[in-house]
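Here the sequence shown is numbered in the numbering used here, starting from 7 and rising by one per residue. Below is one structure; the comments refer to it alone.
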Amino acid sequence: MGVFTKDFLWGGSVSSMQTEGAWAEGGKGLTVYDVQKTTKSGADWKVAIDFYHRYREDIALFADMGFNSYRFSLSWARILPDGEGEINETGLEFYENVIDELLKYNIEPVVCLYHFDMPLSLMNKYGGWKGRETLAAFQKYAETVIQRFGTRVKYYIPFNEQNAAAMLSLFQLPSDASERDKKKLQASCMHHMFLASASVWHLARQYAPHAKVGGMVNYMPIYPASCKPEDIFAAQKADRSYNQQTLEVFAHGEYPTDLLNEWGKAGIAPMIQPGDMVYLSKAKMDFLAHSYYQSLTVQADEEGDGATILMRAFQNPPKNDYLRQTQWGWSIDPVGLRLTVKELYNRYHLPVFTIECGIGVDELLNEENTIDDDYRIDYFRSHLEQLKLAVTEDGVELMGFLTWGPIDILSSQGEMKKRYGFIYVNRTDTDLMDLARYKKKSYDWFKSVIASNGEAL
Ligand code: BGP
Numbered sequence: 007m008g009v010f011t012k013d014f015l016w017g018g019s020v021s022s023m024q025t026e027g028a029w030a031e032g033g034k035g036l037t038v039y040d041v042q043k044t045t046k047s048g049a050d051w052k053v054a055i056d057f058y059h060r061y062r063e064d065i066a067l068f069a070d071m072g073f074n075s076y077r078f079s080l081s082w083a084r085i086l087p088d089g090e091g092e093i094n095e096t097g098l099e100f101y102e103n104v105i106d107e108l109l110k111y112n113i114e115p116v117v118c119l120y121h122f123d124m125p126l127s128l129m130n131k132y133g134g135w136k137g138r139e140t141l142a143a144f145q146k147y148a149e150t151v152i153q154r155f156g157t158r159v160k161y162y163i164p165f166n167e168q169n170a171a172a173m174l175s176l177f178q179l180p181s182d183a184s185e186r187d188k189k190k191l192q193a194s195c196m197h198h199m200f201l202a203s204a205s206v207w208h209l210a211r212q213y214a215p216h217a218k219v220g221g222m223v224n225y226m227p228i229y230p231a232s233c234k235p236e237d238i239f240a241a242q243k244a245d246r247s248y249n250q251q252t253l254e255v256f257a258h259g260e261y262p263t264d265l266l267n268e269w270g271k272a273g274i275a276p277m278i279q280p281g282d283m284v285y286l287s288k289a290k291m292d293f294l295a296h297s298y299y300q301s302l303t304v305q306a307d308e309e310g311d312g313a314t315i316l317m318r319a320f321q322n323p324p325k326n327d328y329l330r331q332t333q334w335g336w337s338i339d340p341v342g343l344r345l346t347v348k349e350l351y352n353r354y355h356l357p358v359f360t361i362e363c364g365i366g367v368d369e370l371l372n373e374e375n376t377i378d379d380d381y382r383i384d385y386f387r388s389h390l391e392q393l394k395l396a397v398t399e400d401g402v403e404l405m406g407f408l409t410w411g412p413i414d415i416l417s418s419q420g421e422m423k424k425r426y427g428f429i430y431v432n433r434t435d436t437d438l439m440d441l442a443r444y445k446k447k448s449y450d451w452f453k454s455v456i457a458s459n460g461e462a463l
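Below, the structure written as structure tokens:
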């Protein structure tokens with residue numbers, strides 16, 4: 007008997023704007039990404055890795071590696087160009103074709119409905135998630151896809167990293183806006199996002215009762231910089247604010263008292279309409295999904311609330327001498343992954359699904375048209391070893407393990423040089439080249455991991 011279940015989900019995870027390209031093709035509307043002035047790297051989102059035209063080739067490679075699941079996001083604006091109103095058949099058909107192609111190889115589609123890519127017209131009209139109108143538009147969009155995909159999709163993730171998505175709303179106002187206004191806007195966004203997540207659960211029960219819906223967060227274990235009580239208190243505040251408060255709503259369908267207290271004290275509570283809380287309380291998530299990249303170390307901060315402590319630490323992390331870092335300064339912490347899934351399971355008693363994990367590295371193709379990425383193999387090996395311990399020693403009910411960016415894609419900041427893939431894509435930040443795909447050394451390694459259901463690391 008192996009460690010992982012017989013139906014353990016192995017595969018990879020991506021988002022629409024980081025892969026698809028075809029930004030103005032097939033009737034797609036604009037999203038907030040399409041009008042971003044510049045990314046750090048000079049790349050834009052127009053072509054990405056051209057998955058829109060090459061999905062058959064890419065899915066064939068995933069199938070060859072033995073994937074039995076693949077998580078991707080739908081571009082809302084590809085399906086409803088204005089975010090609301092007219093449905094774009096061509097957009098829906100594209101996703102149906104992707105799903106059918108995956109199913110052809112017995113790869114379960116894990117469908118995410120929102121990965122930060124707000125349709126531009128909803129951002130302009132309603133301020134994105136700030137407006138209750140955006141929630142109504144999302145419900146229509148979710149109903150359209152869930153009805154249409156029917157029994158073909160068994161796993162839905164309403165939001166990518168809902169805690170991080172809520173955090174992003176803090177940047178919607180100009181940087182000189184008052185903290186109170188920013189927090190007030192964030193509270194409205196959060197309420198609408200929670201209702202939107204709940205609506206996916208309700209709609210799935212109605213149109214796709216076979217499907218399971220998972221709330222997702224970016225989980226970062228937060229370590230105190232020392233055993234000084236003030237450091238520990240700061241770590242706990244940041245953990246509550248970033249990790250646990252969102253998960254509590256997913257698992258219990260109600261707002262935790264510390265969050266209500268913060269909103270109440272600051273006078274920024276969102277407009278909660280009659281019926282909202284019942285709607286939320288019925289939609290307890292079927293499983294909890296999370297991304298995992300790193301742990302974070304924080305120090306005492308008298309002034310800061312949990313979010314501020316976290317943000318400061320993220321921008322300027324106190325050094326954790328026990329951990330190495332990636333080229334992008336992210337701590338490499340396999341034990342942190344065990345802590346993550348153990349915490350999720352012990353606290354919330356729901357199946358846990360690790361749907362993003364990986365290491366971004368600046369890499370160049372060698373003369374044999376491959377990359378000897380032993381560091382990536384080491385990274386995954388050490389993380390999977392910890393997941394095995396979480397299952398065998400801690401009793402965690404783990405549904406699967408999906409790597410982030412199984413094929414090189416643009417990073418969240420739009421960098422092509424930050425590569426996560428088992429498959430190399432031949433383009434740079436500013437030169438699209440031929441976009442050809444090449445297998446790295448880790449490709450065969452991960453293939454054999456999957457073939458042995460995680461026994462052979
Ligand atoms: C997650 C996002 C992804 C992704 C990943 C890696 O937070 O869900 O969109 O890109 O992080 O981050 P980055 O691309 O910045 O290395």
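Where a beta carbon is used, it is the ideal one built from N, C-alpha and C, also for glycine.
Worksheet entry | Selection from Gly8, Met23 and Gln305 that minimises the alpha carbon distance to Asn421 | Reading off the sequence, residue 421 comes out as Glu, not Asn. Closest option to Glu421, Cα to Cα, is Met23.
Worksheet entry | Reduced DSSP secondary structure (H/G/I, E/B, other) of Gln331 | In the three-state reduction of the DSSP assignment, Gln331 falls in the strand class, which pools E and B.
Worksheet item: beta strand (DSSP E) containing Lys218: first to last residue?
Response: Per DSSP, Lys218 belongs to the beta strand (DSSP E) from Lys218 to Asn224.
Discussion item. Using CA atoms only, rank isn't needed, just tell me which of Lys394, Ile238, Thr314 and Ala319 is closest to Lys11.
Written reply: Reading off the sequence, residue 11 comes out as Thr, not Lys. Of the listed residues, the one whose Cα sits closest to Thr11 is Lys394.
Worksheet item: Under a Cβ-count criterion, where at least 16 other Cβ atoms within 10 Å of its own Cβ denotes burial, should Asn166 be classed as buried or exposed?
Response: Buried, by the Cβ-count rule.
Worksheet item: Can you name the start and end residues of the alpha helix (DSSP H) that Glu391 belongs to?
Response: Taken as a continuous stretch (DSSP letters only), the alpha helix (DSSP H) holding Glu391 covers Asp380 to Thr398.
Practice prompt. Out of His296, Ala240, Tyr385 and Lys288, point me to the one whose CA is closest to Ala313's CA.
Written response: Among His296, Ala240, Tyr385 and Lys288, the Cα nearest to that of Ala313 is on Ala240.
Worksheet entry | Terminal residues of the alpha helix (DSSP H) in which Pro340 lies | Run containing Pro340: Pro340 to Tyr354, per the alpha helix (DSSP H) assignment.
Worksheet item: What's the C-alpha gap between Gln192 and Gln300?
Response: Looking at the two C-alpha atoms, the distance is approximately 24 Å.
Worksheet item: Which of the three DSSP states, helix, strand or coil, is assigned to Met439?
Response: Of the three classes helix, strand and coil, the one that applies to Met439 here is coil, per DSSP.
Item to complete: Using 8 Å as the cut-off, classify the Cβ of Trp410 as near or not near the heavy atoms of the ligand BGP, replying yes or no.
Response: Yes, the Cβ of Trp410 comes within 8 Å of a heavy atom of the ligand BGP.
Worksheet item: Around the Cβ of Ala457, are there at least 16 other Cβ atoms within 10 angstroms (buried) or fewer (exposed)?
Response: That one is exposed.
Fill in: Candidates Glu268, Ile228, Leu345 and Ala257: closest to Arg186 by CA position
Measuring from the Cα of Arg186, the nearest candidate turns out to be Glu268.
Worksheet entry | Own chain partners of Asn112 with C-beta closer than 7 Å, once the 5 adjacent residues on each side are dropped | Only Asn74 meet the Cβ criterion.
Discussion item. Can you tell me whether Gln331 sits near the ligand BGP, meaning its C-beta is under 8 Å from at least one heavy atom of the ligand?
Written reply: Judged by the Cβ position, Gln331 fails to qualify as a neighbour of the ligand BGP at the 8 Å threshold, every heavy atom of the ligand being at least this far.
Practice prompt. Assign Gly91 to buried or exposed, taking buried as 16 or more other Cβ atoms, counted over all protein chains shown, within 10 Å of its Cβ.
Written response: Result: exposed.
Worksheet item: Going by the beta-carbon positions, is the gap between Ala143 and Gly97 smaller than 9 Å?
Response: Contact: no.
Worksheet item: How far does the alpha helix (DSSP H) with Pro87 in it reach, from first residue to last?
Response: First-last for Pro87: undefined, no H or E at that position.
Discussion item. Less than 8 Å between C-beta atoms, sequence neighbours within five positions excluded: which residues of the same chain meet that for Thr37?
Written reply: So the qualifying residues of the chain are Met23, Ser81, Trp82, Ala83, Asp123, Met124, Pro125 and Leu126.
Item to complete: Indicate the three-state DSSP secondary structure (helix, strand or coil) for Ile65 in the structure shown.
Response: In the structure shown, the three-state DSSP call for Ile65 is helix.
Practice prompt. Return the CA-CA distance between Lys446 and Thr409, expressed in angstroms with no decimal places.
Written response: For Lys446 and Thr409, the distance between alpha carbons rounds to 15 Å.
Worksheet item: Got a sec: does the ligand BGP put a non-hydrogen atom nearer than 8 Å to the Cβ of Ser388?
Response: No, the beta carbon of Ser388 sits no closer than 8 Å to any heavy atom of the ligand BGP.
Discussion item. Is Leu404 a contact residue of the ligand FAD, with contact defined as CB to any heavy atom under 8 Å?
Written reply: Ligands in the displayed structure: the ligand BGP; the ligand FAD is not one of them.
Discussion item. Could you give the first and the last residue of the continuous alpha helix (DSSP H) run that contains Leu126?
Written reply: That run of the alpha helix (DSSP H) goes Leu126 to Tyr132.
Worksheet item: With which residues is Phe359 paired in a DSSP beta bridge?
Response: Bridge partners of Phe359: Ala295 and Gly406.
Practice prompt. Count the CB pairs spanning the stretch 380-387 and the stretch 433-445 that are closer than 8 Å, and state whether there are at least three.
Written response: Touching, no.
Worksheet entry | Three-way DSSP call (helix, strand, coil) for Arg158 in this model | In the three-state reduction of the DSSP assignment, Arg158 falls in the helix class.
Discussion item. Suppose you measure from the CA of Tyr426 to the CA of Glu149; what does that come to, to the nearest Å?
Written reply: Across the structure, Tyr426 and Glu149 are spaced so that their CA atoms are roughly 33 Å apart.
Fill in: Proximity of His296 and Asn224 at Cβ, strictly below 9 Å
Taking C-beta atoms as the reference points, His296 and Asn224 count as a pair closer than 9 Å.
Worksheet item: Just curious, the alpha helix (DSSP H) that Leu80 is in, first and last residue?
Response: If you look at Leu80, you'll find it isn't in any alpha helix (DSSP H); DSSP assigns it neither H nor E.
Worksheet item: Under the criterion of a Cβ to heavy atom distance below 8 Å, does Ser81 qualify as lining the ligand BGP?
Response: With a threshold of 8 Å, the Cβ atom of Ser81 does not count as near the ligand BGP, since no heavy atom of the ligand is closer than that.
Fill in: Nonlocal neighbours in the same chain, by C-beta distance under 6 Å from Glu369, ignoring five residues either side
Excluding sequence neighbours, Glu369 sits near Ile377 and Arg425.
Worksheet item: Would you report the Cα separation of Ile315 and Asp307, rounded to the nearest angstrom?
Response: Taking the straight line from one Cα to the other gives about 7 Å.
Worksheet entry | Ile450 classed as buried or exposed, judged by whether at least 16 other C-beta atoms fall within 10 angstroms | As written in the sequence, residue 450 is Asp, which differs from the Ile given in the question. Exposed, since its Cβ has fewer than 16 Cβ neighbours within 10 Å.
Discussion item. Let me check you understand the geometry: is the CB of Lys46 closer than 8 Å to at least one non-hydrogen atom of the ligand BGP?
Written reply: Checking every heavy atom of the ligand BGP against the Cβ of Lys46, none is found closer than 8 Å.
Worksheet entry | Whole-angstrom distance between Ile152 and Met226, CA atom to CA atom | Rounded to whole angstroms, Met226 and Ile152 show a C-alpha spacing of 31 Å.
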